[in-house]
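*Asks:* With the first letter of the sequence shown counted as 1, position 19 gets the number 25 in our numbering; the numbers rise by one all the way through.
For each residue, glycine too, the CB sits at the ideal point set by N, CA and C.
This structure is in structure tokens; I'll ask about it shortly.
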Amino acid sequence: AVVSTQSTGHIRVAADYAQKRPDGHIKRPMNAFMVWSQIQRAKIVKEQPNKHNAAISKQLGSEWKMLSDEARLPYIHESQRLKRIHKQQYPDYKYRPKKRGKGATTTTKAKRTAKEKTAPGIQVNVYGKVFRLLPLNFITLCNKSS
7 AVVSTQSTGH
17 IRVAADYAQK
27 RPDGHIKRPM
37 NAFMVWSQIQ
47 RAKIVKEQPN
57 KHNAAISKQL
67 GSEWKMLSDE
77 ARLPYIHESQ
87 RLKRIHKQQY
97 PDYKYRPKKR
107 GKGATTTTKA
117 KRTAKEKTAP
127 GIQVNVYGKV
137 FRLLPLNFIT
147 LCNKSS
């Protein structure tokens, strides 16, 4: 639950979001963007209930980037308050992202790297950009097939 008092400019988020889930997982404390986006998302969903979540997320991201530092300040303060509460509730908490299992899909970068390893030619780094120089016989072979 979010309580926003516009007159004082203070933002309050119920700290119960940080409770443990049944599987024992402890959620991370919300950062300033998450505090702000939770409030804004509720407003958008109320006004446009059929809008897709992905579209809402894109809209929120661009709006947050346009917010001034002064407008972000109450959300920053609230995220700091939530962080302090989280630290009191879970003093031994340490963020540990999940490691991908062997069955997990490879990332786009990993796929691209695998392709680069199997592609013929020589990799050249020019001003931070990687180019692949292909051998002349490979280029000739490709031109004949088209």
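1) Taking ARG78 as part of the alpha helix (DSSP H), name the residues at either end of that continuous run.
2) Name the DSSP bridge partner or partners of PHE137?
3) Taking 8 Å as the cut-off, decide whether the C-beta atoms of PRO35 and LEU88 are in contact.
4) Can the beta-carbon of ILE62 be found closer than 8 Å to that of ILE45?
5) Taking 7 Å as the limit between beta carbons, can you name the residues of its chain near ASN4, skipping five residues before and five after?
*Replies:* Based on what the coordinates show:
1) Taken as a continuous stretch (DSSP letters only), the alpha helix (DSSP H) holding ARG78 covers 75–95.
2) Among the bridge pairs identified by DSSP, PHE137 is matched with VAL130.
3) Cβ distance < 8 Å, so PRO35 and LEU88 count as in contact.
4) Cβ distance not < 8 Å, so ILE62 and ILE45 don't count as in contact.
5) Summary: the structure shown does not reach residue 4, with the chain confined to residues 7 through 152, and so no result is reported for it.
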